[in-house]
């Protein structure tokens, strides 16, 4: 009896599988996007253009991996929400540390470079 | 979710309050091991975020010029220095292994034992090649005099962030490779078809384990996407 319930618990999973085409498409896209982000360095784009292109390709690749390779696209919204909302905390942390880095940088300029 | 018990539940945004308030499992249709892997990956995300944020803070606050990564990581190919060549190859190897893993999960659920095993083995070999190239890159930089406290190319913090971040990621890849080999053996032996009990557990094996392993492996690839963007390209 206990063995039956154990099997039933393990059966609690998406029984559906997805067509091979979707994986191959995402795979190909990841290759192309990686190639493009390498080209950003190859052609030595600088400044805002470089940073925005790097971020654009990075988030696109991360999104594709999470949505399709990690199946989040097919999961119920509860799991997706539990996983994605904590990322806002990371974004806040990034914002805090950008401000902190600027403060440290200018302190160092004033005391190390200009000599107080 | 073609599970018949899930068909009748609310879909879309309405599913969030109803799933969370259902007085039972909140993650409907998600096997407990898979939910736990996701929670672990979430905590791992925070660890890697802390490393990358501290790197950002260190790099943004130094008054010394940061080393030019496309020169530091260039590799001579037929006498011509190609910027970031090894890193680009490593990226493609890791994406390749991520693709084979995704297909292994698919074939696992289709109970195609042979294909699933071959693909997991291919994934493990891809991971092994990645770790090998990383070891090569580390030894090359150490020979060139990069240390955690100083380096000949620029700001002294560069080395400590480089070794810490890529080292932690490489550790994840290595652990993943070990598990991939273990699971390749389990798949070939047919553990997931016969429901043979595992070494550490009395639970019956199930192909959902391949998806859980896949989640970990895709996460390792995901982290590399961010390291590639922020550490090597920025």
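Chains as they are written, first to last, in this note's numbering: chain A, 295 to 410; chain B, 4 to 237. Where is the CB? At the ideal position from N, CA and C, for every residue including glycine. Keep in mind the model is a prediction, meaning the values are calculated, not measured.
Check	Outcome
Is residue 12 of chain B helix, strand or coil when you go by DSSP?	coil
If we define contact as Cβ-Cβ less than 8 Å, is residue 295 of chain A a contact residue for chain B?	Bear in mind that a pLDDT of 37 at residue 295 of chain A, under 50, signals an unreliable position, so the model cannot answer this.
Check this for me: beta carbons of residue 106 of chain B and residue 122 of chain B, under 8 Å apart or not?	yes
Going by other Cβ atoms of all chains shown within 10 Å of its Cβ, with 16 needed for buried, is residue 338 of chain A buried or exposed?	exposed
According to DSSP, is residue 377 of chain A helix, strand or coil?	helix
Can you check DSSP and say which residues form a bridge with residue 79 of chain B?	B:84
Assess, as a yes-or-no matter, whether the stretch 215-234 of chain B is touched by the stretch 346-364 of chain A under the definition of 3 or more beta carbon pairs within less than 8 Å.	yes
Give the residues of chain D in contact with residue 371 of chain A, contact being defined as C-beta atoms less than 7 Å apart.	In summary, chain D is missing from the structure at hand, where the protein chains are A and B.
I want to verify the contact list: residues of chain A whose CB lies under 9 Å from the CB of residue 237 of chain B, in sequence order.	344, 345, 348
Just to check my reading of the structure: residue 210 of chain B and residue 114 of chain B have Cβ atoms closer than 8 Å, yes? What is that Cβ distance to the nearest angstrom?	7 Å
Classify residue 86 of chain B as buried or exposed, calling it buried when 16 or more other Cβ atoms lie within 10 Å of its own Cβ.	buried
Can you tell me whether residue 235 of chain B is buried or exposed? The criterion is at least 16 other CB atoms within 10 Å of its CB, across all chains shown.	buried
State yes or no: is the beta carbon of residue 228 of chain B nearer than 8 Å to at least one beta carbon in chain A?	yes
Which value, in whole angstroms, describes the spacing of the CA atoms of residue 25 of chain B and residue 37 of chain B?	20 Å
Nearest to residue 80 of chain B by alpha carbon, out of B:69, B:92, B:70, B:27?	B:92
Give the DSSP-derived three-state secondary structure of residue 207 of chain B in the structure shown.	strand
At which residue ranges does the stretch 32-80 of chain B contain complete beta strand (DSSP E) runs of 3 or more residues, listed in the order of the chain?	78-80
List the residues that DSSP assigns as beta-bridge partners of residue 200 of chain B.	B:207
How many angstroms separate the CA atom of residue 194 of chain B from the CA atom of residue 179 of chain B?	19 Å
Since residue 32 of chain B and residue 164 of chain B are thought to touch, with beta carbons under 8 Å apart, how far apart are those beta carbons, to the nearest angstrom?	In fact, because the Cβ distance is near 40 Å, the residues do not count as touching under 8 Å.
Find the nearest neighbour of residue 76 of chain B within the set B:147, B:197, B:199, B:176, judged by alpha-carbon distance.	B:147
How would you write the range of the alpha helix (DSSP H) that residue 356 of chain A sits in, first residue to last?	341-358
Are the C-beta of residue 367 of chain A and some C-beta of chain B separated by less than 8 Å?	no
Starting from residue 160 of chain B, follow the alpha helix (DSSP H) in both directions and report where the run begins and ends.	160-192
Where do the ends of the alpha helix (DSSP H) carrying residue 326 of chain A lie?	314-336
What first and last residue would you give for the alpha helix (DSSP H) that runs through residue 120 of chain B?	116-146
State the start and end residues of the unbroken alpha helix (DSSP H) segment that holds residue 149 of chain B.	Note, residue 149 of chain B: premise wrong, no alpha helix (DSSP H); not H, not E.
If we call anything under 8 Å between Cβ atoms a contact, is residue 109 of chain B one with residue 314 of chain A?	yes
Could you name the residues of chain A that residue 3 of chain B contacts, counting a contact when the two beta carbons are closer than 7 Å?	The structure shown does not extend to residue 3 of chain B, since chain B spans only 4 to 237, so no value can be given for it.
Can you look up residue 103 of chain B in the DSSP assignment and give me helix, strand or coil?	helix
Where does residue 111 of chain B sit, in a helix, a strand or coil, going by DSSP?	helix
Run down chain A in chain order and give the residues with a C-beta less than 8 Å from the C-beta of residue 59 of chain B.	388, 391, 392, 395
Are the C-beta atoms of residue 407 of chain A and some chain B residue less than 8 Å apart?	yes
On the DSSP letters alone, give me the boundaries of the alpha helix (DSSP H) that residue 22 of chain B sits inside.	18-23
Looking at the C-beta of residue 101 of chain B, does it have a partner C-beta in chain A at a distance below 8 Å?	yes
Taking a cut of 7 Å between CB atoms, which residues from the stretch 83-117 of chain B lie near chain A?	86, 87, 91, 94, 95, 98, 101, 102, 105, 106, 109, 112, 113
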